[in-house]
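Just below is one structure, and these are the notes that go with it.
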Amino acid sequence: MSIAFWNDWGAIFLWGLELWRAIAEKNVADHSGIVADHSKIIADHSGIVADHSKIIADHSGIVADHSGIVADHSGIVADHSKIVADHSKIVADHSKIVADHSKIVADHSKIVADHVCWGDRYFFNAIANFFPTFYS
Numbered sequence: 004m005s006i007a008f009w010n011d012w013g014a015i016f017l018w019g020l021e022l023w024r025a026i027a028e029k030n031v032a033d034h035s036g037i038v039a040d041h042s043k044i045i046a047d048h049s050g051i052v053a054d055h056s057k058i059i060a061d062h063s064g065i066v067a068d069h070s071g072i073v074a075d076h077s078g079i080v081a082d083h084s085k086i087v088a089d090h091s092k093i094v095a096d097h098s099k100i101v102a103d104h105s106k107i108v109a110d111h112s113k114i115v116a117d118h119v120c121w122g123d124r125y126f127f128n129a130i131a132n133f134f135p136t137f138y139s
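If you use our numbering, the sequence shown corresponds to residues 4 to 139, in order.
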């Protein structure tokens, strides 16, 4: 084999290496673009995730505030229920007092009626004793 043969094969080999290097560089450049695109997508998604995290945190704060309001209102309702119960007891006590006073008034009315009847009997007995002829 002559030197020219080896030179031809050497040139072909070098040309192949150069072609392989060019393809590899193109592949690296293509992959770099893909990696850059994916990096941008990941960055965009990271921003979206951060926004959603903020929304969730805000909603958690709102839920906590509403829970506090509900707890406060529950306390107010409990206080009002106690006030209503206390007032119901006062009304019941006053109703008993009114009933007791009504009984006292009824008893006094009976006493007055008895005195009136006794007074009438006394008056008419006195007249009968004074004027015995009218009632004999």
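All residues carry an ideal CB built from backbone N, CA and C; glycine is no exception.
Per the coordinates, the alpha-carbon of Ala116 lies some 53 Å from the alpha-carbon of Val80. Our two residues, Asn128 and Ala109, have alpha carbons roughly 28 Å apart in a direct line. When rounded, the separation of the alpha-carbon atoms in Val38 and Asn30 is 12 Å.
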